[in-house]
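Before any comments, here is the structure.
Number of protein chains: 2
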Amino acid sequence: MAQQHLEPTDPLARPVTGEALAGYLRSQATEFLRALRQHRETGAAAGGSQESVAAARALRRSARRISGSLHTYRPLLDADWSEGMRPELAWLSGTLAMEHAHAARLERLLAALHRLSGSAALPAQTPGTTPPAPGGAPPAPERGNLTVGAAKAGALLDRQLTLARTRAHSTALQALGSSRFHAVADKVAVLASEVPLTAAAATTDLGPLAAAAEERLRDAVAALPLVTAGSPYNAEALVHGLSPDPAPHPQDAPWHQVRLLLRLHRYAREVLYGPDGPVDVRLLAAGQALDRHRDASEAAAAAAQAARTPRIAPATAYALGVLHADQRHEVEAARFAFQQSWQKQTVATA
Amino acid sequence: MAQQHLEPTDPLARPVTGEALAGYLRSQATEFLRALRQHRETGAAAGGSQESVAAARALRRSARRISGSLHTYRPLLDADWSEGMRPELAWLSGTLAMEHAHAARLERLLAALHRLSGSAALPAQTPGTTPPAPGGAPPAPERGNLTVGAAKAGALLDRQLTLARTRAHSTALQALGSSRFHAVADKVAVLASEVPLTAAAATTDLGPLAAAAEERLRDAVAALPLVTAGSPYNAEALVHGLSPDPAPHPQDAPWHQVRLLLRLHRYAREVLYGPDGPVDVRLLAAGQALDRHRDASEAAAAAAQAARTPRIAPATAYALGVLHADQRHEVEAARFAFQQSWQKQTVATA
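Heads up: the protein sequence lines correspond to chains A and B, in order. Per numbering that gives the first Met the number 0, the first sequence starts with residue 0, numbered consecutively. Per numbering that gives the first Met the number 0, the second sequence starts with residue 0, numbered consecutively.
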């Protein structure tokens, strides 16, 4: 029944049990170890090579999947082991994610500044490669002060986010060399061959647990302001855009929460259907909309934060204000996109 | 045929000729004179009383209608008289419109700042009444510098637009006392009893001329980027939002042009159908969307202009940047609203 709910056109013929979970965890653990080996071999320069970036992504990817499966299918696993493992995996994937997040945020903000200034006067960044010297591209002198502002804003964001990224890189390197990390890696190495299932796991149906994960997602989505989100140009995302609160908009939090629950639901499905299972493209689209929501939300916050830098020029601050609002519009656009894809999904599975 | 195109459910039984035009022009001229008398009686203080504001609006309203009818139905009217009259009416309604435009722009921008700062710390403006002392409301000291920025941006816009409005008021008073104005008023007084129709006007069908006005509108709409406008969150309106050009966005011009052509089409219909004719609500909705487009476009330009004020604080500039982007977003929302109402219209009359 739960499986029918998940995929009405392709119901599973028989209950999926703990053996499928064990197989999934073993393969993700193997993937984790492979990525770790690759990461060690490809070096650790800040920014790093393409291979090293891909390896770090693969590490995070498998850590998230192991952690998510431990959460959704908790009753089938040794409780002490599971409870000890999850926070360590969360710490690891969180630490590894920071460097990439800063690089992606800078890329997003510079691309937006390019679009907004309609000029090629901004630093030609390629985040993900070695960081260029900050402020490397001087603003073209014949342009008006607002475009100078855009170039200065770009240079300021470049400095701040490159610094943050460099720090995140050092933190990640330290983490990967720490005894804490080695303890996690050892546990994952054991997991690759030996999954601590409970005695009952072999005959326990995973379906109801996967359905519960889906239910948590649906409940959280039901609490979202989807009617507003589905009405274009509702101007909600920029409300309080000039409020004094330096923290990210509280209105974003429920969307971030749905993003996490959607991911858990997706991983729970992967366990049920296996590596060659059907891909739900609507689920992917909804997830991409929520990723975009998170990225735009954090980029908007970074622009607002940069505007608090002491002694910046008014033209720089103006450009950062335009940029902040632009990214909050992106937040609103992402909510609209999520609403559209979720609506299709609900109609399709009703 | 033209009438069927205009109003398929209510075709006019017989051709409407020059007599209807004469009746329309006489009644608009009478309205003009009534409004002028009322305006003189209700005084001329800056900001003015509600009655004086209403009288000025009625003056502009009838001036626009006379001018528009002279344009659309030109072949039925004495050419020399008509060509002498139109620029004078345009000058008059343009001059009278400025004071109201500055007041409405300030109101729109302060309302947006209120919304964006989610606070009551901004000057409690009531544009349309006597202007308050600039910067009358001090920012609450416990708020962060961005909200201080919003309050300062509000005070700056208040100063600049109140000054512009005061100047526009003086200019309008001078205009109303000028010999140029008295010459127009005299001509309108004659028009109230005697419309200079051509000899053929009494038997000329107005239909084809009204249809030509509608055709000009349709052609201009067909040249608009409606596919883009109908796709929510296309982010077109803010492209070049940081470009160095201080002039309003060139991308707005075709929309402003459609706004004028839509108004001409509406007035042409009023002549055909008379004062008790059917109101096309879809046409009204499309016109309101274009009014909103124009207002938001000019408000965005005013925010950008204010950001060029020398020696403003970075927090003020930041708030003006957010405000500019917010109003450009309004521009985009208005285009979407126009696209939606126009689409309905096209389907309904197809």
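Idealized CB from N, CA, C, for every residue including glycine. On a predicted model such as this, the values are computed, not experimentally measured, just so you know.
Between LEU160 (chain A) and GLY17 (chain A), the beta carbon gap of about 44 angstroms keeps them out of contact (Cβ cut-off 8 angstroms). As DSSP reads the structure, LEU196 (chain A) sits in a beta bridge with A:LEU76. For ARG114 (chain A), the chain B residues whose Cβ falls inside 7 angstroms of its Cβ are VAL238, in order along the chain. Straight-line measurement puts the Cα of VAL52 (chain A) at about 15 angstroms from the Cα of SER61 (chain A). Below 8 angstroms, too few C-beta pairs join the stretch 311-326 of chain B and the stretch 266-275 of chain B to call them touching: fewer than three. Residues of chain B whose Cβ lies closer than 8 angstroms to the Cβ of GLU331 (chain A) are, in chain order, TYR232. PRO86 (chain A) has its alpha-carbon roughly 35 angstroms from the corresponding atom of THR308 (chain A). ALA110 (chain B) and SER116 (chain B) have their alpha carbons spaced roughly 10 angstroms apart. According to the DSSP assignment, ILE65 (chain B) belongs to the alpha helix (DSSP H) that extends over 49-71. GLN173 (chain B) counts as exposed, since fewer than 16 other C-beta atoms from the protein chains shown sit within 10 angstroms of its C-beta. When DSSP states are grouped into helix, strand and coil, LEU205 (chain A) belongs to the coil group. The Cβ-Cβ distance between HIS328 (chain A) and ALA234 (chain B) falls below 9 angstroms. Interface flag for ILE311 (chain B) against chain A is set, since a Cβ pair is found closer than 9 angstroms. In this structure, the alpha-carbon of ALA252 (chain A) lies about 17 angstroms from that of LEU263 (chain A). Within the stretch 20-42 of chain A, contact with chain B at the beta-carbon level (separation under 7 angstroms) is assigned to no residue. A direct Cα-Cα distance of roughly 8 angstroms separates ALA312 (chain B) from GLY148 (chain B). Annotated three-state conformation of PRO313 (chain B) is helix, per DSSP. For the stretch 210-235 of chain B, residues whose beta-carbon sits nearer than 8 angstroms to a beta-carbon of chain A comprise PRO231, TYR232 and ALA234. A contact is defined here as three or more CB-CB pairs under 8 angstroms, and the stretch 179-191 of chain B fails this definition with respect to the stretch 218-230 of chain B.
For ARG36 (chain B), the enclosing alpha helix (DSSP H) begins and ends at 17-40. Beyond the five residues adjoining it in sequence on each side, ALA236 (chain A) comes within less than 6 angstroms, by CB distance, of ARG327, VAL330 and GLU331 in the same chain, given in chain order.
When Cβ-Cβ separations below 9 angstroms define contact, SER66 (chain A) makes no contact with chain B.
Only ALA303, ALA306, ARG307, THR308, PRO309, ARG310, ILE311, ALA312, PRO313, ALA314, THR315, ALA316, TYR317, ALA318, LEU319, GLY320, VAL321, LEU322, HIS323, ALA324, ASP325, ARG327, HIS328 and GLU329 from the stretch 297-329 of chain A bring a Cβ to less than 9 angstroms from some Cβ of chain B.
By the C-beta density criterion, SER169 (chain B) is exposed, having fewer than 16 other C-beta atoms within 10 angstroms. In the displayed model, VAL189 (chain A) falls within a helix according to three-state DSSP. Secondary structure note for HIS264 (chain B): its alpha helix (DSSP H) is the uninterrupted segment 252-272. The beta carbon of SER242 (chain A) falls within 9 angstroms of a beta carbon belonging to chain B, placing the residue at that interface. Boundaries of the alpha helix (DSSP H) around ARG293 (chain A): 280-305. Counting the other Cβ atoms within 10 Å of the Cβ of GLU40 (chain B) gives fewer than 16, which makes it exposed. Where THR227 (chain B) is concerned, the enclosing alpha helix (DSSP H) starts and stops at 225-228. By the C-beta density criterion, ASP325 (chain B) is buried, having at least 16 other C-beta atoms within 10 angstroms.
Under the three-state reduction of DSSP output, VAL330 (chain B) falls in the helix class. Contact annotation: the stretch 288-303 of chain B touches the stretch 96-112 of chain B, with at least three C-beta pairs closer than 8 angstroms.
Rounded to whole angstroms, the gap between the alpha carbons of ARG334 (chain A) and GLN256 (chain A) is 13 angstroms. A Cβ-Cβ separation of about 4 angstroms places LEU75 (chain A) in contact with ALA200 (chain A) under the 8 angstroms criterion. Per DSSP, reduced to three states, the secondary structure at HIS168 (chain B) is helical.
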